[in-house]
Amino acid sequence: MRLHRNLCFAVIDGLTLIFNEGKYADKVIQQLLKRDKRWGGARDRGFVAETTYEMVRWKRLYAEIAEVKEPFDRDNLWRMFAVWATLKGVKLPDWKYFEGTPLRRIKGAMMSFLTIENLKNLSQIGWTKLE
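Its first residue numbered 550, the sequence shown is counted upward by one per residue in the working numbering.
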């Protein structure tokens, strides 16, 4: 997957409205998708909606890994976005927002979360080993 600047900016704009201004995610995404008519394709619209919803759902995890606290400024939201992209296996482009992103630390933080916090939960749902 390749990240497109205008789509990433839309996600960051949406997260700003949701996290900092208390707007409802579904309404914000509707506004974002209406804002730019060039996003006629399902892939572009899907990226904006799915990424925004996923980052809202996992806000506390991504904020913890990115080491940011509320209220989130734009730089903090870009850090959280970098965490999302890294955990999804998306290669970060050479943009100023991603300079100095500690990729190995992000992956390591996620693995420690999985092994320490959720080991009990994994055994409860029938998983006997991490694959």
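Cβ coordinates follow ideal geometry from the N, Cα and C atoms, glycine included.
| Exposed unless 16 or more other CB atoms sit within 10 angstroms - verdict on F621 | buried
| query | Excluding the five sequence neighbours on either side, which residues of its own chain have a C-beta within less than 7 Å of the C-beta of L566, listed in chain order? | reply | K572 and V577
| request: Just confirm the distance between the C-beta atoms of L552 and V639, as a whole number of angstroms; I'd bet it's less than 8 Å. | output: 6 Å
| query | Do you know offhand how far T635's Cα is from V617's? | reply | 16 Å
| query | Alpha carbon to alpha carbon, what distance is there between R628 and K645? | reply | 11 Å
| field | Span of the alpha helix (DSSP H), counted from its first residue to its last, around I578 | value | A574 to R584
| said: Would V605 and A574 qualify as a contact pair, given that the criterion is a beta-carbon distance under 7 Å? | reply: yes
| Should A598 be labelled buried (16 or more other beta-carbon atoms within 10 Å of its own) or exposed? | buried
| said: Among L581, G589, K586 and D585, whose alpha-carbon lies nearest the alpha-carbon of I602? | reply: One point to set straight first is that residue 602 is Tyr, not Ile, in the sequence displayed. Ranking L581, G589, K586 and D585 by Cα distance to Y602 puts L581 first.
| field | Whole runs of the alpha helix (DSSP H) within the region 568-642, excluding any shorter than 4 residues | value | 574-584, 591-606, 608-615 and 623-637
| Cβ separation of D593 and L556, assumed to be a contact under 8 Å, to the nearest whole Å | 6 Å
| task | Since I believe I561 is in contact with F630 (beta carbons under 8 Å), could you give me their beta-carbon distance rounded to a whole number of angstroms? | result | 7 Å
| What three-state label does DSSP hand M660 in the structure shown? | helix
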